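**Student:**
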Amino acid sequence: MDSNTKRNIILNNYQNPQNRKRHDNDKNYIKINSRNISCIDNIDLYIKINNNIITDISFEGEACAITISSTSILTNLVKGKTIDEALNIINNYNNMIEGKEYNQEKLQDAIVYADISKQPSRKTCATLTWNGLYNKLLPLKK
Numbered sequence: 047m048d049s050n051t052k053r054n055i056i057l058n059n060y061q062n063p064q065n066r067k068r069h070d071n072d073k074n075y076i077k078i079n080s081r082n083i084s085c086i087d088n089i090d091l092y093i094k095i096n097n098n099i100i101t102d103i104s105f106e107g108e109a110c111a112i113t114i115s116s117t118s119i120l121t122n123l124v125k126g127k128t129i130d131e132a133l134n135i136i137n138n139y140n141n142m143i144e145g146k147e148y149n150q151e152k153l154q155d156a157i158v159y160a161d162i163s164k165q166p167s168r169k170t171c172a173t174l175t176w177n178g179l180y181n182k183l184l185p186l187k188k
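First residue of the sequence shown? That's 47 in this note's numbering, and the numbers climb one at a time after it.
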């Protein structure tokens with residue numbers, strides 16, 4: 047993927063994020079806060095799980111372009127997936143971020159962050175909500 051396409055995907059997901067919605071008062075959603083104490087990034091993920099499937103996921107909060115856009119991409123990737131499938135996607139993503147072997151097909155638009163391993167200061171931005179979701183889903187794994 048060329049750099050202009052990557053830039054467009056990142057900007058589009060930042061300026062027009064998918065699944066940006068708050069579910070504070072809905073007891074059917076699990077709220078996960080992901081916060082980077084060294085900057086402005088503070089995102090709440092809202093996930094709804096039925097029969098081991100993520101039936102809905104959304105987010106709200108304030109963050110940089112990388113955090114917002116990667117969260118938008120994350121929500122699109124895991125919606126409708128089982129917990130195991132979502133964990134597998136997140137593992138692939140984190141492998142990519144760390145410069146390790148990963149399955150590109152599973153990541154779809156998330157591959158725009160493949161070069162983030164060369165920018166250590168941006169890794170936290172790119173993985174903040176991914177790791178928050180992973181840590182919440184792992185104990186729910188069946």
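Don't be surprised by glycine CBs; every beta carbon is placed ideally from N, CA and C.
Keep in mind the model is a prediction, meaning the values are calculated, not measured.
#1: Enumerate, from N- to C-terminal direction, the unbroken beta strand (DSSP E) stretches of 3 or more residues contained entirely within the stretch 60 to 128.
#2: In chain order, what residues of the same chain lie with their CB nearer than 6 angstroms to the CB of Lys94, ignoring the 5 residues before and after it?
#3: Would you mind stating whether Asn141 and Lys152 have Cβ atoms separated by less than 7 angstroms?
#4: Taking buried to mean at least 16 other C-beta atoms within 10 Å of its own C-beta, is Leu57 buried or exposed?
#5: Does Gly126 have its Cβ less than 7 angstroms from a Cβ in chain D?
#6: Assign Ser80 to one of two classes, buried (16 or more other C-beta atoms within 10 Å of its C-beta) or exposed (fewer than that).
#7: By the DSSP assignment, the alpha helix (DSSP H) with Asn181 in it spans what residues?
#8: Three-state secondary structure (DSSP) at Asp48?
#9: With a cut-off of 8 angstroms, do at least 3 Cβ pairs link the stretch 106 to 121 to the stretch 81 to 92?
#10: Please return the same chain residues whose Cβ sits closer than 8 angstroms to the Cβ of Leu133, not counting the five positions on each side in sequence.
#11: Taking 8 angstroms as the limit between beta carbons, can you name the residues of its chain near Arg68, skipping five residues before and five after?
#12: Give the straight-line distance between the Cα atoms of Thr117 and Ala156, rounded to the nearest whole angstrom.
**Tutor:** In terms of the structure at hand:
#1: Within the stretch 60 to 128, the runs of beta strand (DSSP E) at least 3 residues long that lie entirely inside it are, in chain order, 76 to 81, 88 to 96 and 99 to 108.
#2: Working through the sequence shown from its first residue, we reach residue 94 at position 48. These residues qualify, in order along the chain: Asn74, Tyr75, Thr101 and Asp102.
#3: Residue 141 sits at position 95 when you count from the first residue of the sequence shown. Residue 152 sits at position 106 when you count from the first residue of the sequence shown. Not closer than 7 angstroms, so no.
#4: Here the question's residue 57 lines up with position 11 in the sequence shown. Counting every other CB atom within 10 Å of its CB across the protein chains shown gives Leu57 a total below 16, marking it as exposed.
#5: Going by chain labels, chain D is absent from the structure shown, which holds only one protein chain.
#6: If you number the sequence shown from 1, residue 80 lands on position 34. The residue is buried, with at least 16 neighbouring Cβ atoms inside 10 Å.
#7: One-based indexing of the sequence shown puts residue 181 at position 135. Start and end: Pro166 to Leu183.
#8: For the purposes of this step, residue 48 is taken as residue 2 along the sequence shown, with counting starting at 1. It is coil, neither helix nor strand.
#9: yes
#10: Residue mapping note: residue 133 aligns to position 87 of the sequence shown, counting from 1. Correct list, in chain order: Tyr180, Leu183, Leu184 and Lys187.
#11: Here residue 68 refers to the residue found at position 22 of the sequence shown. Contacts found: Asp90, Tyr92, Ser104 and Glu106.
#12: For the purposes of this step, residue 117 is taken as the residue at position 71 of the sequence shown. For the purposes of this step, residue 156 is taken as the residue at position 110 of the sequence shown. Straight-line Cα distance between these residues: approximately 10 angstroms.
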